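**Student:** Mind looking over this structure? Questions follow.
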Amino acid sequence: MMVRGAYLGRVFAPRFHHEDYVLGGFGMVLNYDPSIIHTHAVALYRRAARIVYMAAFLGFVFGAIVGSGLGAPTGGKIPVFAVAGGIFGALIGVSVGRARAFVFQLQAQLALCQVAIEANTRRAAEVATAEATLTPHAVSRVG
Numbered sequence: 007m008m009v010r011g012a013y014l015g016r017v018f019a020p021r022f023h024h025e026d027y028v029l030g031g032f033g034m035v036l037n038y039d040p041s042i043i044h045t046h047a048v049a050l051y052r053r054a055a056r057i058v059y060m061a062a063f064l065g066f067v068f069g070a071i072v073g074s075g076l077g078a079p080t081g082g083k084i085p086v087f088a089v090a091g092g093i094f095g096a097l098i099g100v101s102v103g104r105a106r107a108f109v110f111q112l113q114a115q116l117a118l119c120q121v122a123i124e125a126n127t128r129r130a131a132e133v134a135t136a137e138a139t140l141t142p143h144a145v146s147r148v149g
C-alpha cells in the first residue's frame, strides 16, 4: 500500500482529495453552519455563569473542612473556624471562578468574531461578484 505523498522514501505534504472532506467515510459532506458556532458560544456563556457559583460552593466546602480541622485542637470552637474557613474558601473560589469564567467568555467571543468575519467576507465577496457581472469591462485600444 502506497502512502499518499510518499515518493522514493521521502514524505511530502499530503495532497487533499475529495474523500478528505467527507466525514467518517459515510458520504456526509461537511458544510459551514454558523448556527452551530452560535450554539457553542451560548453554551460557553452558560458555563461561564455556572462556574463562578460552583467554584464558590466548592471553595466554601473545602474551606469549611480545613477550618474545622484547624479548629479541632481548640476544643469547642470548631463551628466558628468552619464558618470562617468556609467564607475564606468561598472568596478564593469566587476569584478562581471569575478567572475561569473570563476564559470561557473569551472563547465565546472569539467564536462569534469568526462568524462575523465570515459573514462580512461573504457579503463583500457577493457584492464584488455582483458588480463584476453588472459592469462591462472596458477594452482600451492603443493605437
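Residue numbering for the sequence shown follows this note's numbering, beginning at 7 and increasing consecutively.
Note that beta-carbon positions come from the ideal geometry of N, C-alpha and C, so glycine has one too.
Just so you know, these numbers come straight off a predicted model, no measurement behind them.
#1: Would you be able to state if there are at least three C-beta pairs under 8 Å between the stretch 57–76 and the stretch 90–100?
#2: Can you give the beta carbon distance from V121 to I43, rounded, assuming they're within the 8 Å contact cut?
#3: So for N126, helix, strand or coil by DSSP?
#4: Under 6 Å Cβ to Cβ from Q113, same chain only, skipping five residues before and after it: list those, please.
#5: Is G77 helix, strand or coil when you go by DSSP?
#6: Give the single residue among T139, I84, L118 whose Cα lies nearest to the Cα of D39.
#7: If I measure Cβ to Cβ from V58 and keep anything under 7 Å in the same chain, skipping five residues before and after, which residues do I get?
#8: Beta-carbon within less than 8 Å of A55's beta-carbon, same chain only, minus the 5 sequence neighbours each way: which residues are those?
**Tutor:** A quick look at the data gives this:
#1: yes
#2: 5 Å
#3: helix
#4: L50
#5: helix
#6: L118
#7: V100, G103, R104, A107
#8: A107
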